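Trainee: Residue numbers (our numbering): 41 to 294.
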Amino acid sequence: MRAVGLHPDVVVVTSRFWQTTATLVRSGEESFLVDSPVLPDELEIVPAVAEQAGFRVVGLFATHADWDHLLGRYAFPEAPLGVAESTALRLRDEPGRAQHAMREFDEEHYVERPGPLGLPGPQPLPVPGRVSIGEAELELHPAEGHTADGMAVWIPWARVLVCGDYLSPVEIPMLSPGGSASAYLATLARLEPLVEQAAHVVPGHGGVLDATRAAAILREDRAYLEGLPGAKLPLARRTSAQKRIHAENVAALG
Ligand SMILES: [Zn+2]
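(1) Once DSSP output is grouped into helix, strand and coil, what is the label at Trp58?
(2) Verify whether the separation of the beta carbon atoms of Val202 and Thr63 is less than 7 Å.
(3) Output yes or no for whether 7 Å exceeds the beta carbon distance between Gly99 and Ala115.
(4) Should Gly244 be counted as a contact of ligand 1 given a C-beta to heavy atom distance under 6 Å?
(5) Considering Cα atoms alone, identify which of Ile173, Pro162, Ser220 and Gly161 is closest to Ala183.
(6) Asp205: beta carbon under 6 Å from a heavy atom of ligand 1?
(7) Where does Thr279 sit, in a helix, a strand or coil, going by DSSP?
(8) Check the DSSP bridge columns for Ile173 and list the partner residues they point to.
(9) Quick one: using the 10 Å Cβ neighbour count with 16 as the cut-off for buried, is Glu260 buried or exposed?
(10) Identify the continuous alpha helix (DSSP H) that holds Leu131 and give its terminal residues.
(11) What span of residues does the alpha helix (DSSP H) with His149 cover, start to end?
(12) Between the alpha carbons of Glu69 and Asp75, how many angstroms are there, rounded?
(13) Compute the distance between the beta-carbons of Leu268 and Leu228, then report whether it is under 7 Å.
(14) Once you ignore the five residues that flank Arg130 on each side, which residues in its own chain have a CB closer than 7 Å to its CB?
(15) Classify Leu273 as helix, strand or coil using the three-state DSSP reduction.
(16) Between Leu111 and Leu83, how many whole angstroms is the CB-CB distance? I'm expecting something under 8 Å.
(17) Provide the residue(s) that pair with Ser222 in DSSP beta bridges, ordered along the chain.
(18) In whole angstroms, give me the CA-to-CA distance for Tyr150 and Arg137.
(19) Whose C-beta lies closer than 7 Å to the C-beta of Leu275 among residues of the same chain, with five residues either side of it excluded?
Okay, structure coming up:
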């Protein structure tokens, strides 16, 4: 796991698996962890990373309801989990889905965890809207299209955009069940002005981006989605794994 400071109040850790990112954000005495690393040893060490940086974690956010972003409770078992209303609905309507998907992953990769994933009563947040943290506010923006749910978090004083599974340098746009190309394109349009103002963009998977690189990926992703089903894959993301995702996207178009 890698940990990188983007700002005195923002630290990003990147998982060894899928390069899943988790972002610590602080204002005053309060900090939140947005999303989570994937592997048990990484989750175990996140509290020490936070403490060393002087971040007192009082709550967890998840950008969307896919299991690999929901594991913060393993690091901070007492912290409440805040999610978009759309994500709270998905968690309610698909009970046990995240746990089941995590178990499948763990069985496939021989991963052992200290216990089952508990997700009691996630707290719905106002999206679009603001949520207070310490002496400041975070902006929450709807981010749907990859799945049926989701939010992006804008940290105004650090000019950092934590966007969930969009703008990834390692993954093409993925249309999961419940997602759609039109909703995905609408999210890209919503994120575009934030990307332009950003010092850093933290995608759900892959390394942290500067505004120029994030804008370039946004343009590639838009062209890809507009070109479906016959779209060419972005040059830097033309691996066999991405070709599989592309085939699934085309199948999802029906
Ligand atoms: Zn993901």
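Don't be surprised by glycine CBs; every beta carbon is placed ideally from N, CA and C. Bear in mind that the values here come from a model prediction, so they are computed numbers and not experimental data.
Mentor: Short version:
(1) Position 18 of the sequence shown holds residue 58. Of the three classes helix, strand and coil, the one that applies to Trp58 here is coil, per DSSP.
(2) The sequence position of residue 202 within the sequence shown is 162, counting from 1. The sequence position of residue 63 within the sequence shown is 23, counting from 1. Yes, Cβ-Cβ distance for Val202 and Thr63 is below 7 Å.
(3) For the purposes of this step, residue 99 is taken as residue 59 along the sequence shown, with counting starting at 1. For the purposes of this step, residue 115 is taken as residue 75 along the sequence shown, with counting starting at 1. For Gly99 and Ala115, no; Cβs fall outside 7 Å.
(4) Counting from 1 along the sequence shown, the entry for residue 244 is found at position 204. At least one heavy atom of ligand 1 is nearer than 6 Å to the Cβ of Gly244, so yes.
(5) Counted from its first residue, the sequence shown places residue 183 at position 143. Among Ile173, Pro162, Ser220 and Gly161, the Cα nearest to that of Ala183 belongs to Ser220.
(6) Along the sequence shown, one-based indexing puts residue 205 at 165. True, at least one ligand heavy atom lies under 6 Å from that Cβ.
(7) In the sequence shown, counting from the first residue as 1, residue 279 sits at position 239. Residue state, collapsed to three classes: coil.
(8) The residue labelled residue 173 in the question sits at position 133 within the sequence shown. Answer is Ala176, bridged to Ile173.
(9) Within the sequence shown, numbered from 1, the residue matching residue 260 stands at position 220. So Glu260 ends up on the buried side.
(10) Start at 1 with the first residue of the sequence shown, and residue 131 comes out as number 91. Leu131 -> alpha helix (DSSP H) spans Glu125 to Asp133.
(11) As a working mapping, residue 149 is identified with position 109 in the sequence shown. Its alpha helix (DSSP H) spans residues Arg137 to His149.
(12) Along the sequence shown, one-based indexing puts residue 69 at 29. Along the sequence shown, one-based indexing puts residue 75 at 35. Glu69 and Asp75: Cα-Cα distance of roughly 20 Å.
(13) The residue labelled residue 268 in the question sits at position 228 within the sequence shown. The residue labelled residue 228 in the question sits at position 188 within the sequence shown. No; because the gap between Cβ atoms is not below 7 Å, this pair is not in contact.
(14) Position 90 of the sequence shown, counting from 1, holds the residue named residue 130. Closer than 7 Å at Cβ, skipping near neighbours: Ala105, Ala188 and Asp189.
(15) As a first step, residue 273 is located in the sequence shown; it is residue number 233 there, counting from the start. Coil at Leu273, not helix or strand.
(16) Here the question's residue 111 lines up with position 71 in the sequence shown. Here the question's residue 83 lines up with position 43 in the sequence shown. About 6 Å separates the two Cβ atoms, so the contact holds.
(17) Within the sequence shown, residue 222 is the residue found at index 182, counting from 1. Answer by DSSP bridge pairing: none, since Ser222 is not bridged.
(18) Here residue 150 is taken as the residue at index 110 of the sequence shown, counted from 1. Here residue 137 is taken as the residue at index 97 of the sequence shown, counted from 1. Rounded to the nearest angstrom, the two C-alpha atoms are 20 Å apart.
(19) Taking the first residue of the sequence shown as position 1, residue 275 is located at position 235. Nothing listed; no residue qualifies.
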